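Visitor:
Protein chains in written order, with the working numbering: chain A, 1 to 364; chain B, 1 to 364.
Here you go:
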């Protein structure tokens with residue numbers, strides 16, 4: 001079995017558990033950016049109550065789920081396609097769109113490059129510059145789009161930089177791209193994990209712009225990466241073409257029931273928002289106190305750091321932290337980053353405190 | 001949303017429920033070939049006990065699951081690749097193997113053709129002849145393989161004909177194909193749903209023959225089509241190549257726990273075997289009593305029937321039966337079959353009796 005995939009992403013707590021000889025629950029995982037409030041109780045109850053759904057094939061059209069997602073996003077259900085996490089949708093979308101070229105801001109989530117390579121798409125990269133705090137420079141981006149490119153794939157907020165482009169900035173990009181006949185794909189996997197939450201999403205623009213496709217997921221915000229539920233939102237004709245190419249029944253029957261919980265998700269999203277607003281800032285300040293470490297201001301539930309040039313590099317630090325039962329993400333394999341970058345998730349106060357203490361010990 | 005997929009396969013009880021205005025539990029579904037004993041209690045308990053697994057990404061290498069599947073099949077875990085039902089594995093395997101041509105016995109499961117088309121493979125068909133009871137004529141098949149073909153995809157027992165080739169017959173085909181340098185893929189999705197069960201599987205031959213790949217699944221035998229768990233078994237090098245092309249985390253975290261149940265599956269498999277041996281024969285005899293209907297002797301938990309030339313065709317009959325709350329599979333869209341063929345699952349005695357009564361009423 002090839003090991004590269006396992007090493008490449010955060011969140012492989014199984015491997016850590018085995019290597020460290022500790023149970024999953026004894027490990028503090030800052031390498032995966034999951035909502036630390038955990039699976040919403042109402043969602044967990046719904047899953048248990050629906051366990052017999054496993055005895056039936058999911059509805060191949062996922063009508064009930066799509067209807068609930070329609071209520072949640074305000075977009076017609078014909079514009080919505082559920083998928084096995086956002087991963088399936090990214091791969092599927094690119095296979096269906098098959099643009100001859102695509103622009104990808106970087107550093108960003110590495111699966112985009114894999115999906116583009118899989119679909120035989122020529123990639124170019126729009127560098128998010130460190131001296132701009134890794135923020136999306138919309139002016140520079142729109143200029144590049146004017147040069148003519150078939151497709152651009154943005155992640156908002158962006159992983160691993162934790163930078164959010166505003167609704168207005170995104171709208172500007174989509175409008176400009178529309179004039180340039182450029183397709184805009186936006187991965188909003190973390191959108192509810194920003195201050196302001198879903199109000200930062202441009203999903204409503206799908207109704208107006210044919211050149212826009214949004215990818216969202218339950219994974220991060222509802223802390224269910226193992227459930228495998230993402231959804232794409234785009235124009236109906238494109239969604240229909242994707243459906244024809246999609247693996248049958250790729251979303252399992254329990255995940256297909258999860259949409260029912262959305263109507264009750266308000267309280268949980270509210271708690272999430274309150275936790276994030278406070279804890280993101282607390283962690284940001286705490287990390288900045290660590291000597292020599294540069295901390296990039298986070299807009300989402302994770303933080304990108306640059307380690308000082310002297311001292312352990314990202315890989316060494318990751319291994320040393322793991323021995324303490326604290327997993328961090330070595331960010332050196334993100335394009336344009338080096339062995340001086342790590343990424344950590346924002347968690348609860350006690351965990352965040354332990355992270356800072358452990359980092360301080362290592363950085364002495 | 002395109003409707004063709006939903007219409008094409010059996011088991012779309014959701015659509016039926018909506019159209020008929022009845023709950024899922026009020027409908028007798030003979031269109032999907034699922035073990036009517038239902039989800040094994042030990043498996044259901046394991047799923048509920050592991051519901052928190054949804055909060056973690058599945059192990060990207062599925063080591064624990066593969067280890068349990070290794071114990072279950074007797075094949076090293078490096079030769080095993082889990083997938084999102086057998087569907088994902090068929091599509092993935094053909095994309096990786098990319099044979100220039102492939103032979104598919106027909107009538108058989110329609111997804112094979114879709115997967116081959118998706119991978120750009122030239123298909124030819126080996127006709128299972130009605131005057132041979134739709135049984136695989138191994139002599140004729142080996143002769144065709146001698147002509148030189150890169151790949152052959154068999155379903156054993158075959159869907160929709162419910163015909164089983166014996167272990168010895170399959171071994172002969174694999175050996176012959178090996179000499180012809182032909183890859184043999186065998187979909188054994190129903191293998192535990194035959195009299196003799198897993199002893200009919202040639203999965204052990206994977207250790208000896210590099211040209212063999214077997215696809216199995218939890219779906220049918222453990223009555224969990226909604227859980228989405230299949231697995232492929234083949235030589236390690238091929239499995240590793242598939243893994244590299246596979247969607248990350250395509251098997252959800254609950255399904256990944258399902259392997260633990262296999263050690264306790266013996267009693268359930270025993271009950272399944274006892275039910276099948278008796279009920280398959282009972283239903284076969286009962287169906288034969290219906291005037292004008294030709295019944296092909298089943299080796300698995302479903303039965304192919306030919307309707308008389310006079311009277312309702314398969315589509316009409318399906319609709320009429322549905323109005324009675326009894327779903328059957330219109331088999332007319334299987335290659336080489338016509339609007340005179342239907343397929344029904346074997347279920348419990350009371351349900352089977354109702355099926356026969358309802359059919360008799362329609363065939364008067």
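Positions of the beta carbon are idealized from the N, C-alpha and C atoms, including for glycine. These numbers were taken from a predicted model, which means no experiment stands behind them.
1) So residue 265 of chain A and residue 40 of chain A are in contact, right, with Cβ under 8 Å, and what is the actual spacing, rounded?
2) Buried or exposed: where does residue 234 of chain B fall if 16 or more other Cβ atoms within 10 Å of its Cβ makes it buried?
3) Could you have a look at residue 189 of chain B and say whether DSSP puts it in helix, strand or coil?
4) Which residues, taken in chain order from the stretch 36-54 of chain B, show a beta carbon closer than 9 Å to some beta carbon of chain A?
5) Could you spell out where the beta strand (DSSP E) holding residue 362 of chain A opens and where it closes?
6) Apply the 10 Å Cβ neighbour rule to residue 7 of chain B and answer buried if 16 or more other Cβ atoms are within range, or exposed otherwise.
7) Which residues of chain A have a Cβ atom closer than 7 Å to the Cβ of residue 58 of chain B, listed in chain order?
8) Would you list the one or two residues that DSSP bridges to residue 122 of chain B?
9) Have a look at A/273, A/255, A/298 and A/322 and flag the residue whose alpha-carbon is nearest the alpha-carbon of residue 53 of chain A.
10) Suppose you measure from the CA of residue 296 of chain B to the CA of residue 288 of chain B; what does that come to, to the nearest Å?
11) Hey, would you say residue 182 of chain B sits closer than 9 Å to residue 152 of chain B, going by beta carbons?
12) May I ask you to report which of helix, strand or coil DSSP gives residue 151 of chain A?
13) Look at the Cβ atom of residue 343 of chain A, then the Cβ atom of residue 329 of chain A, and state whether they are nearer than 9 Å.
14) For a contact meaning CB atoms closer than 7 Å, what does residue 223 of chain A contact in chain B?
15) Terminal residues of the continuous alpha helix (DSSP H) containing residue 375 of chain B?
16) Please identify, using Cβ separations under 7 Å, the residues of the stretch 234-253 of chain A that lie next to chain B, in order along the chain.
17) Helix, strand or coil: which one does DSSP assign to residue 330 of chain A?
18) Return yes when the Cβ of residue 158 of chain A is within less than 9 Å of the Cβ of residue 372 of chain A, no when it is not.
19) Using only the alpha-carbon positions, how far apart do residue 191 of chain B and residue 178 of chain B sit?
20) First and last residue of the alpha helix (DSSP H) that includes residue 202 of chain A?
21) Could you tell me whether any Cβ in chain A is nearer than 9 Å to the Cβ of residue 15 of chain B?
22) Would you say residue 85 of chain B faces chain A, with C-beta separation under 9 Å as the test?
23) Quick check: the Cα distance between residue 377 of chain A and residue 107 of chain A, rounded to an integer number of angstroms?
24) Classify residue 295 of chain A as helix, strand or coil using the three-state DSSP reduction.
25) Short check: CB of residue 58 of chain A to CB of residue 230 of chain A, under 9 Å?
26) Residue 200 of chain B to residue 166 of chain B, Cα distance in whole Å?
27) Alpha carbon to alpha carbon, what distance is there between residue 245 of chain A and residue 96 of chain A?
28) Nearest-angstrom Cα distance between residue 67 of chain A and residue 210 of chain A?
29) Indicate whether residue 239 of chain A and residue 79 of chain A have their beta-carbon atoms separated by less than 9 Å.
30) Mind checking which residues open and close the alpha helix (DSSP H) that includes residue 224 of chain A?
31) Would you list, in chain order, the members of the stretch 331-342 of chain B that have their beta-carbon closer than 8 Å to a beta-carbon of chain A?
32) Counting only C-beta atoms, is residue 354 of chain A closer than 9 Å to chain B at any point?
Guide: In brief:
1) 7 Å
2) buried
3) coil
4) 38, 39, 43, 44, 47, 48, 51, 52, 53 and 54
5) No beta strand (DSSP E) holds residue 362 of chain A; the alpha helix (DSSP H) holding it covers 349-363.
6) Caution applies to residue 7 of chain B, whose pLDDT of 48 falls short of 50 and renders its modelled position unreliable; the model cannot decide the point.
7) Going along chain A in sequence order, the residues near residue 58 of chain B (Cβ under 7 Å) are 226.
8) B/101
9) When each option's Cα is compared against that of residue 53 of chain A, the closest is A/255.
10) 9 Å
11) Yes, the Cβ-Cβ distance between residue 182 of chain B and residue 152 of chain B is below 9 Å.
12) strand
13) yes
14) Under a criterion of Cβ atoms nearer than 7 Å, the residues of chain B adjacent to residue 223 of chain A are, in order, 55.
15) Nothing about residue 375 of chain B can be reported from this structure: the residues present for chain B run from 1 to 364 only.
16) Those residues of the stretch 234-253 of chain A that come within reach of chain B (Cβ to Cβ, closer than 7 Å) are 240, 243, 244, 247, 248, 249, 250, 252 and 253.
17) strand
18) No answer is possible for residue 372 of chain A: it lies beyond the span of chain A, which begins at 1 and ends at 364.
19) 23 Å
20) Unbroken run through residue 202 of chain A: none, as it is neither H nor E.
21) yes
22) yes
23) No information on residue 377 of chain A is available, as it lies outside the stretch 1 to 364 that chain A covers here.
24) strand
25) no
26) 6 Å
27) For residue 96 of chain A and residue 245 of chain A, the distance between alpha carbons rounds to 7 Å.
28) 21 Å
29) yes
30) That residue, residue 224 of chain A, is in no alpha helix (DSSP H); it is neither H nor E in DSSP.
31) none
32) no
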